[in-house]
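A.B. asks:
Residue numbers (this note's numbering), protein chains in the order written: chain A, 19 to 187; chain B, 464 to 913.
#1: Would you call the segment 80-95 of chain A and the segment 592-604 of chain B touching, i.e. three or more CB-CB distances under 8 angstroms?
#2: Going by beta carbon distance, what residues of the same chain come within less than 6 angstroms of residue 109(A), once the five residues before and after it are set aside?
#3: For the putative contact between residue 691(B) and residue 186(A), defined by C-beta atoms under 8 angstroms, what is the C-beta separation to the nearest angstrom?
#4: Could you tell me whether the Cβ of residue 603(B) comes closer than 8 angstroms to any Cβ of chain A?
#5: Express the C-alpha separation of residue 856(B) and residue 825(B) in angstroms, rounding to a whole number.
#6: Closer than 8 angstroms by beta-carbon distance: list the chain A residues that pair up with residue 598(B), in chain order.
#7: Just checking, does the segment 93-104 of chain A make contact with the segment 117-124 of chain A on the three C-beta pairs under 8 angstroms criterion?
#8: At 8 angstroms on the CB atoms, spell out the chain A contacts of residue 593(B), in chain order.
#9: Figure out for me which residue from 842(B), 844(B) and 795(B) has the closest Cα to the Cα of residue 832(B).
#10: Tell me whether residue 893(B) sits in a helix, a strand or coil according to DSSP, three-state version.
#11: Can you find a CB in chain B that lies within less than 8 angstroms of the CB of residue 181(A)?
#12: In the DSSP assignment, the beta strand (DSSP E) including residue 82(A) goes from what residue to what residue?
#13: When you compare each of 786(B), 780(B) and 575(B) to residue 804(B) by their alpha carbons, which one comes out closest?
#14: Kindly say whether residue 103(A), judged by its beta-carbon, lies nearer than 8 angstroms to any beta-carbon of chain B.
#15: Quick check for students: name the residue ranges of the alpha helix (DSSP H) that lie wholly in the segment 702-761 of chain B, counting only runs of 4 or more.
#16: So if DSSP puts residue 116(A) in a beta bridge, which residue, or which two residues, is it bridged to?
#17: If contact is defined by three or more beta carbon pairs under 8 angstroms, each pair taking one atom from either stretch, is the segment 754-765 of chain B in contact with the segment 782-791 of chain B?
#18: What separation, rounded to the nearest whole angstrom, lies between the Cα atoms of residue 847(B) and residue 859(B)?
#19: Where does residue 491(B) sit, in a helix, a strand or coil, going by DSSP?
#20: Among residues of its own chain, excluding the 5 on either side of residue 778(B), which ones have a beta-carbon nearer than 7 angstroms to its beta-carbon?
#21: Less than 7 angstroms between C-beta atoms, sequence neighbours within five positions excluded: which residues of the same chain meet that for residue 602(B)?
#22: Have a look at residue 478(B) and residue 637(B) and give me their C-alpha separation to the nearest angstrom.
#23: Measuring only the C-alpha atoms, how far is residue 178(A) from residue 525(B)?
#24: Going by DSSP, which residues form a beta bridge with residue 664(B)?
#25: For residue 675(B), does the count of other Cβ atoms within 10 angstroms reach 16, so buried, or fall short, so exposed?
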């Protein structure tokens, strides 16, 4: 057994030839994060909400990716059904920067009641009411664009599941 | 992982039966996400009154201690806390039932550090937002059924773990050995065989088992950690470092791991690796005080090392700069940096670090000491320096370097009585350095005699 092989055996490390393959599968560089930042503007009211809002500013939280659009949480009364919303989004990660600035239509609005809860013995906090808004892209070209963008998240999810299996297996 | 087939119970039925009598906690700052996940869990079989919701870490820990939910679904980022920490609360409440509990992260944070930490903590699933309802539904069912009705290999390991916990070591060993035959990549079975050997205090055998596990899966987290722990126990820091370095490649940016790896890198003299870990540190979101302290210390130690190798002195200064930035003007760090530079005769560089003291710290003992030391080395007027040094001592700013400078100046200025008094005073404060102080006076005497 060579010195190097002995060292590998003692530490459980992989031979150099296999190391490259493993690195390409699991190293930080190829396993980068993914992030979607977006802004929604109601074309009728000109009001905007941002996924990167500072505290106190209207915030939009992306929740669910649908086949032709997405569900997002927005402050109550931001928009009504059938209104048009400008979606200005940028996805970064997975070695790509993908942007999309197109109109979507509000197909559904679900309102959530204000709730109060006891944060500690002293303080009660009331959450602001919010709406879950379903936005859909109507033109076929936009739907295709959206699917590509959604595909990046699916790819990342698949990577995470592979990593979990390998790490815990 | 799904086990549906002829005569088998469909996965959804298994999950429905499980959820029927158990509580679910959903933790997410977003009201609509909680509502969506709550609806999903109810559609999978949870009773409406058994689905609890929280939008904060503090409230979630309270709910876990009172309600003791079996299922926790949480966002990773909960204000300044990490949703992953709730797993510990759940384990504390249900220590003997972990195999019946489910913990799932549903988050907008898909960073590598978040994923790696979750994998290390044995989280059942990690789902990225925006999710698709089909996918989250499938993942929830699959994760839950895998836990509740595992394949024979995992079921055997679960039974073996129970025997191991009860101290029935021979029985555990047999079960894990049998489990090896049940899977093509039996790393986990080898890990538990290693654990059994470790409990039996057969370290070499344990190492062999962990290595075997890594042979099947080279990034098997538990096997790597098992091997690392054994090397640490044997104080074999070089081998421990090899392993932990490897862990950090695949499971980077775990703050706890980074502290260990920094300590080992310094301990084993792997100074060239420190900058790589500094880069990992920069990508960590939750930097604890402890982590900052360790990274700072590692950079300073490493910087000092480079100062001692003349051609690498510039690199040393760069590391000092990084240490000062992350320690945010901590006076102790700045003092150490300036003292090291002065010791290596790099007075101009030392002077550049002086303005890094925060304005409010310019009256601090560390600042006054550093300023005095630099002025001494820059050759300011001797009597002014004597006054300044004396005034520092009067303010109870006592450092052996102040005495050394004052003694040297007194001797050079032919103030022999003063020099003698300073030596006595210095020896009183630093008895172990007496010879050094006395030598300063003798050195001058002998040069005069010559």
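Backbone N, C-alpha and C fix where the C-beta goes; we use that ideal spot for every residue, glycine too.
Bear in mind that the values here come from a model prediction, so they are computed numbers and not experimental data.
C.D. replies: For this structure:
#1: yes
#2: 54, 116, 167 and 170
#3: Incorrect: roughly 17 angstroms between the Cβ atoms, too far for contact.
#4: no
#5: 17 angstroms
#6: 172 and 175
#7: yes
#8: 54, 80, 81, 82, 83, 88, 89, 168 and 171
#9: 795(B)
#10: coil
#11: yes
#12: 79-83
#13: 780(B)
#14: no
#15: 718-730 and 737-745
#16: 109(A)
#17: yes
#18: 19 angstroms
#19: coil
#20: 769
#21: 588 and 590
#22: 31 angstroms
#23: 30 angstroms
#24: Residue 664(B) is not bridged to any residue.
#25: buried
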